[in-house]
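Be aware that the sequence shown starts at 1, since it is given in UniProt numbering, and climbs by one per residue. See structure below.
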Amino acid sequence: MTGFHKDRYYPRLVEIAEILETPTEVMRILYCVKQPYGEQGEFVATTLAQLAIDRHFEL
């Protein structure tokens with residue numbers, strides 16, 4: 001998709017993943033972004049989920 005730069009989104013996703021505390025919070029965000037935003041939504045959803053999982057296992 002034109003104009004979509006994954007490296008621009010990534011630092012913000014790291015910040016968001018750090019403040020999410022429960023699986024429910026993560027799932028709400030994933031549900032909100034994945035379907036309506038196509039390629040961007042897919043990237044945001046999968047990256048955010050992975051970051052949140054990584055953070056959870058570090059705790």
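Idealized CB from N, CA, C, for every residue including glycine.
Asked	Found
Alpha helix (DSSP H) segment containing Leu30, residue limits	23–34
Chain-order list of residues whose beta-carbon lies under 8 Å from that of Leu59 (same chain, five-residue window excluded)	Per-residue confidence for Leu59 stands at a pLDDT of 49, beneath the threshold of 50, marking its modelled position as unreliable; the derived number appears in the next sentence. There are no such residues.
Where the alpha helix (DSSP H) containing Tyr9 begins and where it ends	6–19
Gly41 vs Gln50 beta-carbon contact at 8 Å	no
Distance CB(Leu20)-CB(Thr47) smaller than 8 Å	no
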